[in-house]
Amino acid sequence: MKNKSIKISRNDNCPCGSGKKFKNCCRNEKQGIAIRDEYKNRYNIILKTSEQIEGIQKSGELLMSIMDGVEKMIKPGLKTDEINIFVHDQIINAGAIPATLNYRGYPKSVCVSINEVICHGIPGDRLLADGDIVNVDITPILNGYYADASKTFFVGTPGPDAKKIVAVAAESLKRGIEVVAPGTTLGDIGHAIQTYAEGQGCSVVREFVGHGVGIDFHEQPQVLHFGNKGKGIALMPGMVFTIEPMINLGKKGLHVLEDQWTAVTNDGSLSAQFEQTILVTQEGYESLTPYEL
Ligand code: MF3
Ligand code: CO
Ligand code: CO
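Numbering (this note's numbering), first residue to last: -10 to 282.
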């Protein structure tokens, strides 16, 4: 999952805007303190220490082991609340805390979003049906560290629309991740996702975005899944954020149901999402919730 391509060379100007060469600035460990202060003061972005990164990584390992367990459960007839019970118990048994439970009034330990539900579906009595697609979004807090990831699964045998939107959503995340490196910008990530997804005739949800994560659930920066090349904050080693594009088969418009959480497509078209927690490294990136895309 590591991007070996170094997009900024040692003698280039540092992307932080200091006017110094990259090798004498953010690439130099000794300068790390100054950059940490700069990103905190200017953007309220927490550049993580190696200790914090290790903590988030452990939380991500727990998350992905639970995700693998969920994947094995998925089948027609499964009640979405059974996914909640499983995820809740696994998180608690590991000595962790489900971040979503009671988060701004959210009542469950996982989000389960079926078909035209874009995100924040609340598990309950609904049963998975053959041909459905279902996104499961999990966020444990382990030893105080948050990791955040989701995957969209097929239930039984997918039809052509289900196959298409899941493939496009997975590739959208992959393309967003692959541009991550010191010297590229948040706008580059959004641009890569938007041009690919729209090029496939799909649309990108605007209302929900990726986010800094690790010490808190939703930190700065916001990571838009659309945008312009070269715009936005320069990525810096130690940044940890999610990329989590929500891609609709039809139009991008959405509304939130009476429950105040469940976001659905206005046109009833399918929506799919994949999310990982990504660390910016000196070489490029590393996923702290790695899985194949
Ligand atoms: N895990 C979601 C995200 O990717 C947030 C869910 S918040 C909740 O940011 F309250 F809906 F659970
Ligand atoms: Co997230
Ligand atoms: Co999430």
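Think of the CB as a built atom: it goes at the ideal place given N, C-alpha and C, for glycine as much as any other residue.
Keep in mind that this is a model prediction, so the values were computed, not measured.
- Pairing CB atoms from the region 36 to 53 with CB atoms from the region 217 to 236, are three or more of them under 8 Å? Output reads yes: the region 217 to 236 touches the region 36 to 53.
- Express the C-alpha separation of residue 181 and residue 85 in angstroms, rounding to a whole number. Computed Cα separation, rounded: 34 Å.
- For residue 30, the nearest candidate out of 273, 264 and 210 (CA to CA): Looking at the Cα atoms, 210 is the closest of the given residues.
- Task: Compute the Euclidean distance between the alpha carbons of residue 260 and residue 189, then round it to the nearest angstrom.
- Result: Each residue's Cα considered, the two are about 14 Å apart.
- Item | Below 6 Å from a heavy atom of ligand 2 - residues by beta-carbon | Those satisfying the condition are, in chain order, 137, 200, 231, 233 and 264.
- Would you say residue 239 and residue 251 are within 9 Å of each other, going by their C-beta atoms? Not in contact: residue 239 and residue 251 (Cβ atoms no closer than 9 Å).
- Query: Starting from residue 180 and walking both ways along the alpha helix (DSSP H), at which residues does that stretch end?
  - Reply: Start and end: 175 to 188.
- Item | Three-way DSSP call (helix, strand, coil) for residue 2 in this model | The answer is strand: DSSP assigns residue 2 an E or B state.
- Query: Using a threshold of 8 Å, is the CB atom of residue 139 nearer than that to any non-hydrogen atom of ligand 1?
  - Reply: Yes - ligand 1 has a heavy atom lying nearer than 8 Å to the Cβ of residue 139.
- Task: Closer than 7 Å by C-beta to residue 121: which residues in its own chain qualify, once you throw out the five before and the five after it? Chain order, please.
- Result: Contacts found: 103, 104 and 144.
- Consult DSSP for residue 274 and reduce its assignment to one of helix, strand or coil. In the three-state DSSP reduction, residue 274 falls in the strand class (E or B).
- Query: Is residue 3 near ligand 1, in the sense that its beta carbon is under 8 Å from a heavy atom of that ligand?
  - Reply: Flag unset: Cβ of residue 3 not near ligand 1.
- Counting Cβ pairs closer than 8 Å, one from the region 198 to 205 and one from the region 133 to 153, do we hit at least three? They touch, by the three-pair rule.
- How should residue -6 be labelled, buried or exposed, when 16 other C-beta atoms within 10 angstroms of its C-beta is the threshold for buried? Only weak support exists for where residue -6 lies, its pLDDT of 43 falling under 50; the coordinates are left without a value.
- Task: With a threshold of 8 Å, establish whether the CB of residue 128 neighbours any heavy atom of ligand 1.
- Result: Indeed, a heavy atom of ligand 1 lies less than 8 Å from the Cβ.
- Query: With distances taken between CB atoms, is the gap from residue 118 to residue 65 smaller than 9 Å?
  - Reply: Yes, they are a contact pair.
- Item | Exposure of residue 54, with buried meaning 16 or more beta-carbon neighbours within 10 Å | The residue in question, residue 54, is exposed, as its Cβ has fewer than 16 Cβ neighbours within 10 Å.
- Message: Please give me, in chain order, every unbroken run of the alpha helix (DSSP H) with length at least 4 that falls completely inside the region 128 to 173.
- Response: Annotation: the region 128 to 173 contains the following complete segments of the alpha helix (DSSP H) (minimum length 4 residues), in chain order: 149 to 167.
- Message: Which same chain residues end up closer than 7 Å to residue 245 when comparing Cβ atoms and leaving out the 5 residues on each side of it in sequence?
- Response: Correct list, in chain order: 251 and 252.
- Query: Nearest-angstrom Cα distance between residue 212 and residue 62?
  - Reply: The straight-line gap from Cα to Cα measures roughly 31 Å.
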